[in-house]
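Trainee: Protein chains in written order, with full-length UniProt numbering: chain Z, 1 to 301; chain C, 1 to 215; chain F, 1 to 588.
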Amino acid sequence: MTKTRCTDQVILDLWHPLAALSEVAAGVVVDTVLLEERLSFAIDGEGNAAVWRDRADLAEGSPVDIAVISGKLPLKLAYGYIWTSLGNPPADLFPIPEFDEVDRRKLNAATFGVNVSAPRAIENFLDMGHFPYVHTDILGAEPHTEVKEYDVEISVDRDEILATRCRFFQPMASTASDGGADVDYIYRVPHPYCSVLYKSSPLDESRLDVIAVFLQPIDQEHVRAHMLLCVLDEDNEDKVIKRFQQTIFGQDKPILENQFPKRLPLDPRAETPIRADKSAIAYRRWLSQKGVTYGVIPAAT
Amino acid sequence: MITLYDYELSGNCYKLRLLMSMLGVDWKTVPVDFYPGREHKSDWFLRINPLGQLPVIDDDGLILRDAQAILVYLASKYDAAGTWYPRDNPALLGEVSQWLAFADGITATASAARLHDALFYDFDVEAARTGAHRLFRILDEHLWFGEQEGRDWICSASHPTIADIACFPYIMLSEEGGISRQDYPAIRRWCDRVKRIKGFTVMSGVFPAGPAKAA
Amino acid sequence: MLDLAKSRWHPIAAAHDLPLRHVFHGQLLGREFAVWRADDGYVNIWENRCLHRGVRLSIGINDGRELKCQYHGWRYSNRTAGCTYIPAHPADAPARTITNRTFAAIERYGLVWSAEEPQGEVPEVAGLAEGRLLALRGIPVNAPADVVAARLKGYRFQPSGRIDGSAAKVAVEAASTFSVVLRSSEADATTLAVFFVQPVDSNRSVIRGVLDGQVEGAARLAVLRHHNELLSRLRLAVEAEAAREPAPAPLEPVIERVSPELAEMPEESKHGRKATIRVEVARKWLAADGIAGFELRPIKGLLPTFQPGAHIDVHLPNGLIRQYSITNGPGESDSYVIGVKLERDSKGGSTCLHETVREGDVLAISEPRNNFPLRRDSVKTIFIAGGIGITPLLAMAQALNNQNLVHELHYFAQNEAQLAFPEKTSTLGASLKPHLGLSPDQTGAKLREILSGYGPDKHVYLCGPGPMLEAARHIAAEMGWPETAVHFEYFKNTNVIDDSTSFEVALARSCMTLTVPAGKTILEVMRDAGIDMPSSCEQGACGTCLATVIEGEPDHQDVYLNDAERKSGTKIMTCVSRAKSARLVLDL
Numbered sequence: 001m002t003k004t005r006c007t008d009q010v011i012l013d014l015w016h017p018l019a020a021l022s023e024v025a026a027g028v029v030v031d032t033v034l035l036e037e038r039l040s041f042a043i044d045g046e047g048n049a050a051v052w053r054d055r056a057d058l059a060e061g062s063p064v065d066i067a068v069i070s071g072k073l074p075l076k077l078a079y080g081y082i083w084t085s086l087g088n089p090p091a092d093l094f095p096i097p098e099f100d101e102v103d104r105r106k107l108n109a110a111t112f113g114v115n116v117s118a119p120r121a122i123e124n125f126l127d128m129g130h131f132p133y134v135h136t137d138i139l140g141a142e143p144h145t146e147v148k149e150y151d152v153e154i155s156v157d158r159d160e161i162l163a164t165r166c167r168f169f170q171p172m173a174s175t176a177s178d179g180g181a182d183v184d185y186i187y188r189v190p191h192p193y194c195s196v197l198y199k200s201s202p203l204d205e206s207r208l209d210v211i212a213v214f215l216q217p218i219d220q221e222h223v224r225a226h227m228l229l230c231v232l233d234e235d236n237e238d239k240v241i242k243r244f245q246q247t248i249f250g251q252d253k254p255i256l257e258n259q260f261p262k263r264l265p266l267d268p269r270a271e272t273p274i275r276a277d278k279s280a281i282a283y284r285r286w287l288s289q290k291g292v293t294y295g296v297i298p299a300a301t
Numbered sequence: 001m002i003t004l005y006d007y008e009l010s011g012n013c014y015k016l017r018l019l020m021s022m023l024g025v026d027w028k029t030v031p032v033d034f035y036p037g038r039e040h041k042s043d044w045f046l047r048i049n050p051l052g053q054l055p056v057i058d059d060d061g062l063i064l065r066d067a068q069a070i071l072v073y074l075a076s077k078y079d080a081a082g083t084w085y086p087r088d089n090p091a092l093l094g095e096v097s098q099w100l101a102f103a104d105g106i107t108a109t110a111s112a113a114r115l116h117d118a119l120f121y122d123f124d125v126e127a128a129r130t131g132a133h134r135l136f137r138i139l140d141e142h143l144w145f146g147e148q149e150g151r152d153w154i155c156s157a158s159h160p161t162i163a164d165i166a167c168f169p170y171i172m173l174s175e176e177g178g179i180s181r182q183d184y185p186a187i188r189r190w191c192d193r194v195k196r197i198k199g200f201t202v203m204s205g206v207f208p209a210g211p212a213k214a215a
Numbered sequence: 001m002l003d004l005a006k007s008r009w010h011p012i013a014a015a016h017d018l019p020l021r022h023v024f025h026g027q028l029l030g031r032e033f034a035v036w037r038a039d040d041g042y043v044n045i046w047e048n049r050c051l052h053r054g055v056r057l058s059i060g061i062n063d064g065r066e067l068k069c070q071y072h073g074w075r076y077s078n079r080t081a082g083c084t085y086i087p088a089h090p091a092d093a094p095a096r097t098i099t100n101r102t103f104a105a106i107e108r109y110g111l112v113w114s115a116e117e118p119q120g121e122v123p124e125v126a127g128l129a130e131g132r133l134l135a136l137r138g139i140p141v142n143a144p145a146d147v148v149a150a151r152l153k154g155y156r157f158q159p160s161g162r163i164d165g166s167a168a169k170v171a172v173e174a175a176s177t178f179s180v181v182l183r184s185s186e187a188d189a190t191t192l193a194v195f196f197v198q199p200v201d202s203n204r205s206v207i208r209g210v211l212d213g214q215v216e217g218a219a220r221l222a223v224l225r226h227h228n229e230l231l232s233r234l235r236l237a238v239e240a241e242a243a244r245e246p247a248p249a250p251l252e253p254v255i256e257r258v259s260p261e262l263a264e265m266p267e268e269s270k271h272g273r274k275a276t277i278r279v280e281v282a283r284k285w286l287a288a289d290g291i292a293g294f295e296l297r298p299i300k301g302l303l304p305t306f307q308p309g310a311h312i313d314v315h316l317p318n319g320l321i322r323q324y325s326i327t328n329g330p331g332e333s334d335s336y337v338i339g340v341k342l343e344r345d346s347k348g349g350s351t352c353l354h355e356t357v358r359e360g361d362v363l364a365i366s367e368p369r370n371n372f373p374l375r376r377d378s379v380k381t382i383f384i385a386g387g388i389g390i391t392p393l394l395a396m397a398q399a400l401n402n403q404n405l406v407h408e409l410h411y412f413a414q415n416e417a418q419l420a421f422p423e424k425t426s427t428l429g430a431s432l433k434p435h436l437g438l439s440p441d442q443t444g445a446k447l448r449e450i451l452s453g454y455g456p457d458k459h460v461y462l463c464g465p466g467p468m469l470e471a472a473r474h475i476a477a478e479m480g481w482p483e484t485a486v487h488f489e490y491f492k493n494t495n496v497i498d499d500s501t502s503f504e505v506a507l508a509r510s511c512m513t514l515t516v517p518a519g520k521t522i523l524e525v526m527r528d529a530g531i532d533m534p535s536s537c538e539q540g541a542c543g544t545c546l547a548t549v550i551e552g553e554p555d556h557q558d559v560y561l562n563d564a565e566r567k568s569g570t571k572i573m574t575c576v577s578r579a580k581s582a583r584l585v586l587d588l
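Given below as structure tokens:
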């Protein structure tokens, strides 16, 4: 087996996202980086794809027939993205059943490079307390700053963190009314570097919009964040929906890039949690229990 | 009404939003999916701007491209007080133009590094960062001596000009390209001052300043 | 090899780097600092990360009194760096011990000095007279400090009086690892230049130069430009030299761990009535008719962080212990200001403070304790103060005023002369609404007017004499204010305490069962059994000795809990309240 720079077997054995299928030109080599390893991938026009370790004879941009490539890495096409692994990945990726609902709009809002570790980015994704300060007048607004009690559990069915009964005040919560209102959220962390959130749909109160972040770890302190939108929206153009999500992500970016240390400290005494951070506390413990060492500062044992 | 062809995360588009907000001018936005959609290279957009670049404005049929050029236009047309682009003061006008060109240099370096880090543009990022640091050293020195002379802004005036607006965004976003501003304390103070100009507005990646101390 | 001694003072900024309402991004030996000057002039040098999630505080907001983190709006106080407010939990008072790491700060020679573990004084430089010198522009250099300092020995410049000359002789008067003292002379002109080299990181430095003698006007700028040009040239040479060597790895400062109790959900630490702080009465004055103001300054060190609504126990020379609210606005952390009304029926507390205690006296006080926390997530906050009840509400109103949050402070008093602390209330502008000389009926009518128009997310805070509080609570309930929106603090518990019962108290977590006999309180019995329990007023007014009831029916005799809290039977004030059931199980 090829030696990898990353020695964290838990992380090596995971599926990792590389790119949104919709944004890859067919039939040419695309280069990327995963866990400090240079990889290449390509798709054809018929729903086939391949991922392999970067080779001198297949330079980026050159035409390629994926059928003849040898030494392919594991491959999965899911949720509109190409996934691969540098270890022995499980048969299945975590489920997002809503992705199969035909009336949803499914978009890659963007793939952004961020100078931060994957776990710091996940923790930010799980966080509501920052809405009034970082997403001012969009996801939150002062003085409505309270993070109300919510529930966190490690799901019994699956090895994932589940935060339920989350609510946060959002100004202009619905297009129907001018005033703000509490919006419901559910957060899942089904993968150390991926998270899925469900949020009240402004269109259909019985259903939830789904927004997921899939982080591609470039190295321990750099990621590419792929953002999947799986939403109910019949009116807006794709680009309008994407613009909203990019605005939100762009607001989080300077926070993430100013966190120190960049890797997530798992020592419970490294930072000061409050009740609002229940899901983050659970996430840090879950990473510790799994023995994750990549992108984190493990607690001293 | 002005139409702005806009991408939220573009510092060049932000320059125009900033100035229009400070001038109290209304505008409407046509979003352009710069990333990942590359809509600025689409046929419809190339008809508006054959260079395939943002921003572009359409002011009652007058179509203009290039952030700095549009700043000149907006200030000339909509600033009744004539301070943002001081047409009647040749020396000051020369200074403004000089720093508008400097702002282009910031775009070519600091913005390029950001495009490399965030949007994976195939640029020589080390060269871009080195270039940005060289410009920031020059600007920090200029602003520090300005403070010593009692001047708050980039040009020799008691008020901000479009030179400040043109330089501000990609300086403020430089950390997204791995360019720290820690070594430029005078630039950091000037950023606070820009954020306190009446009508200041933020973009993703730029935080507001707190209030100045009441006199 | 770079000297990494943490005990050595280094300059980390120039004084002119710290204008008001700005946060400077500093660094010394790899450790980053957020450096900010409060409106009162105090220079704060803090670890550059919020204790919550590690976000740099140098991107935060200096509001003149507190530093606000951009991520979650946590607020940290001037001087103490203690967290005063956590917006995600507006109903809670943050644990006092959430305190960021602070570093020593000394202003000298136009520079701000610090050290991680300073020993001794900031170095004295012969020939540099404070106030009569010129600080040069700091020059950041990408090179190790020792390399820079070595180069500086060869620095050549003109004396300030002969800036246009070219024949100056420059002599090295002194040199060490981090500083070089040079004297330049030409004809009758001579200038002493001292260059301190700040070791920012293993491969980064800042040259901070200071010249003796003041130069004015255009000549001053010429001197500054002269050195800026020469030092920039020197920088290019040093950087070229340093670039020939492999860059040393950046220094990795060790980040202190937070205290163990903060690693879990924050809980207040347990205290008895401890007079842990000694203060001097720095000023005593007539704050209003019949009200004495006291400014209490620490004998040594800093006072602990306080939050609006907090009170302190004051241990009086006659042995009595009394509680007084801190009236300070946010960030006013160099002293505590309290107001003491001379009570006609004083049992010796207010009389002692009014008549015996004088300026210069030393008193013992407790740490501030906040059982009257202020929510700041209200769309409108109404404060209603009666007489000396102004004191906690004054601190609260100043906090909201500082954050531009909507509030009104209704201040009921007999006449204008009885309005206390005019120098503080005057900063509140139109939000201060005095109501003077009203009869009880008129007061009721005014309260009705103030409390009309309840809406969601409005809160009212009451403090004043018992009858007025009763009336206000009653009216608030009538006008539709839910109990959760009505917050109050009584001066004292005027209930007649019935301590004739006897019952059993089981402490669930301590696995102890105690018997409380008639004539003793739960608190006293627990103390006798060695259970440390915080308390303050010990008469059922302040809320410090609150305990959670798991089982049994409390017999409430306090004035701290509201009706809903009483009915729920889940809380008890252990200093006065007792049990109706034979047994109480407490979560202690």
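We treat Cβ as the ideally placed atom computed from N, Cα and C, and that holds for glycine. Remember, it's a predicted structure, so these values are computed and weren't measured experimentally.
From residue 561 of chain F to residue 543 of chain F, what does the alpha carbon distance come to, in whole angstroms?
Mentor: Numbered from 1 along the third sequence, position 561 holds the residue referred to as residue 561 of chain F. Numbered from 1 along the third sequence, position 543 holds the residue referred to as residue 543 of chain F. Each residue's alpha carbon lies about 8 Å from the other.
Trainee: In the structure shown, what three-state DSSP assignment does residue 589 of chain F receive?
Mentor: A query on residue 589 of chain F cannot be resolved here, the shown segment of chain F reaching from 1 to 588 and no further.
Trainee: Over what stretch of residues does the alpha helix (DSSP H) that includes residue 240 of chain Z continue unbroken?
Mentor: Translated into positions along the first sequence, residue 240 of chain Z becomes position 240. 238-257 is the span of the alpha helix (DSSP H), which, as asked, contains residue 240 of chain Z.
Trainee: Going by CA-CA distance only, name the one from C/202, C/210, C/213 that's closest to residue 8 of chain C.
Mentor: Counting from 1 along the second sequence, the entry for residue 8 of chain C is found at position 8. Minimum Cα distance to residue 8 of chain C is reached at C/202.
Trainee: Thinking just about the alpha-carbon of each residue, which of Z/296, Z/243, Z/280 is nearest to the one in residue 264 of chain Z?
Mentor: Residue 264 of chain Z sits at position 264 when you count from the first residue of the first sequence. Among Z/296, Z/243, Z/280, the Cα nearest to that of residue 264 of chain Z is on Z/296.
Trainee: In whole angstroms, what separates the C-alpha of residue 43 of chain F from that of residue 21 of chain F?
Mentor: Position 43 of the third sequence, counted from the first residue, corresponds to residue 43 of chain F. Position 21 of the third sequence, counted from the first residue, corresponds to residue 21 of chain F. Cα to Cα, residue 43 of chain F sits roughly 12 Å from residue 21 of chain F.
Trainee: DSSP beta-bridge partners for residue 82 of chain F?
Mentor: Stepping through the third sequence from its first residue, residue 82 of chain F is reached at position 82. F/99.
Trainee: Please return the same chain residues whose Cβ sits closer than 7 Å to the Cβ of residue 396 of chain F, not counting the five positions on each side in sequence.
Mentor: Taking the first residue of the third sequence as position 1, residue 396 of chain F is located at position 396. Around residue 396 of chain F: 308, 309, 374, 383, 461.
Trainee: With distances taken from CA atoms, which of F/67, F/411, F/170 is nearest residue 85 of chain F?
Mentor: Here the question's residue 85 of chain F lines up with position 85 in the third sequence. Answer by Cα proximity: F/67.
Trainee: What three-state label does DSSP hand residue 632 of chain F in the structure shown?
Mentor: Because chain F is modelled from 1 through 588, residue 632 of chain F falls outside the range shown and cannot be assessed.
Trainee: Identify each residue in the segment 12-23 of chain F for which the Cβ-Cβ distance to at least one residue of chain C is less than 7 Å, and report them in chain order.
Mentor: Cβ contacts with chain C come from 17, 19, 20, 21, 22.
Trainee: Just checking: is the beta-carbon of residue 113 of chain C within a distance shorter than 8 Å of some beta-carbon in chain Z?
Mentor: Here the question's residue 113 of chain C lines up with position 113 in the second sequence. Output row for residue 113 of chain C: interface = no.
Trainee: Determine, using beta carbons only, whether residue 142 of chain Z and residue 86 of chain Z come nearer to each other than 8 Å.
Mentor: On the first sequence, position 142 is the one that residue 142 of chain Z refers to. On the first sequence, position 86 is the one that residue 86 of chain Z refers to. Cβ atoms of residue 142 of chain Z and residue 86 of chain Z: not closer than 8 Å.
Trainee: Give me the chain F residues within the contact set of residue 133 of chain Z, using Cβ-Cβ distance strictly less than 9 Å, ordered along the chain.
Mentor: Here residue 133 of chain Z refers to the residue found at position 133 of the first sequence. Within chain F, the residues near residue 133 of chain Z are 68, 69, 70, 71, 72, 73, 87.
Trainee: In angstroms, rounded to a whole number, what distance separates the CA positions of residue 108 of chain Z and residue 185 of chain Z?
Mentor: Here residue 108 of chain Z refers to the residue found at position 108 when the first sequence is read from its first residue. Here residue 185 of chain Z refers to the residue found at position 185 when the first sequence is read from its first residue. Each residue's Cα considered, the two are about 21 Å apart.
Trainee: For a contact defined as C-beta to C-beta under 7 Å, what are the partners of residue 240 of chain Z on chain C?
Mentor: Numbered from its first residue, the first sequence carries residue 240 of chain Z at position 240. In chain order: 31.
Trainee: Report the start-end ranges of each beta strand (DSSP E) in the segment 124-173 of chain Z that is 3 residues or longer and not cut off at the edges.
Mentor: The qualifying runs are 151-154, 161-170.
Trainee: Against chain F, with Cβ distances strictly below 8 Å, would residue 44 of chain C count as a contact?
Mentor: Here residue 44 of chain C is taken as the residue at index 44 of the second sequence, counted from 1. Not one chain F Cβ lies under 8 Å of residue 44 of chain C.
Trainee: At the 8 Å Cβ level, is residue 184 of chain Z part of the contact set with chain F, yes or no?
Mentor: By 1-based counting over the first sequence, the position of residue 184 of chain Z is 184. Judged by the 8 Å Cβ criterion, residue 184 of chain Z is not in contact with chain F.
Trainee: Taking 8 Å as the cut-off, decide whether the C-beta atoms of residue 535 of chain F and residue 575 of chain F are in contact.
Mentor: Walking along the third sequence from the start, residue 535 of chain F turns up at place 535. Walking along the third sequence from the start, residue 575 of chain F turns up at place 575. Their beta carbons are under 8 Å apart, which means residue 535 of chain F touches residue 575 of chain F by this criterion.
Trainee: Relative to the alpha-carbon of residue 422 of chain F, which residue among F/402, F/398, F/316 has its alpha-carbon at the smallest distance?
Mentor: Counting from one through the third sequence, the residue named residue 422 of chain F turns up at place 422. It is F/398 whose Cα lies nearest to the Cα of residue 422 of chain F.
Trainee: Using three-state DSSP, classify residue 222 of chain F as helix, strand or coil.
Mentor: In the third sequence, residue 222 of chain F corresponds to position 222, counting from 1. Of the three classes helix, strand and coil, the one that applies to residue 222 of chain F here is helix, per DSSP.
Trainee: How would you call residue 385 of chain F, buried or exposed, if buried means at least 16 neighbouring beta carbons within 10 angstroms?
Mentor: By one-based count along the third sequence, residue 385 of chain F stands at place 385. Classification for residue 385 of chain F: buried.
Trainee: Nearest by alpha-carbon distance to residue 236 of chain Z: which of Z/23, Z/105, Z/119 is it?
Mentor: Locating residue 236 of chain Z in the first sequence gives position 236, where the first residue counts as 1. Closest by alpha carbon: Z/105.
Trainee: Any contact between the segment 15-22 of chain C and the segment 65-82 of chain C? By contact I mean 3 or more CB pairs, one from each, below 8 Å.
Mentor: Touching, yes, given that three or more Cβ pairs across the two stretches are closer than 8 Å.
Trainee: Please report how far the alpha carbon of residue 111 of chain C lies from the alpha carbon of residue 54 of chain F, in whole angstroms.
Mentor: Numbered from 1 along the second sequence, position 111 holds the residue referred to as residue 111 of chain C. Numbered from 1 along the third sequence, position 54 holds the residue referred to as residue 54 of chain F. Roughly 27 Å between the two C-alpha positions.
Trainee: Establish whether the CB of residue 260 of chain F and some CB of chain Z are separated by less than 8 Å.
Mentor: Position 260 of the third sequence, counting from 1, holds the residue named residue 260 of chain F. For residue 260 of chain F, the answer is yes, since a Cβ of chain Z falls inside 8 Å of its Cβ.
Trainee: Helix, strand or coil: which one does DSSP assign to residue 201 of chain F?
Mentor: The count along the third sequence starts at 1 and reaches residue 201 of chain F at position 201. Of the three classes helix, strand and coil, the one that applies to residue 201 of chain F here is strand, per DSSP.
Trainee: Give me, in chain order, the residues of the same chain whose beta-carbon lies closer than 7 Å to that of residue 242 of chain Z; leave out the 5 immediate sequence neighbours on both sides.
Mentor: Position 242 of the first sequence holds residue 242 of chain Z. Around residue 242 of chain Z: 107, 109, 110.
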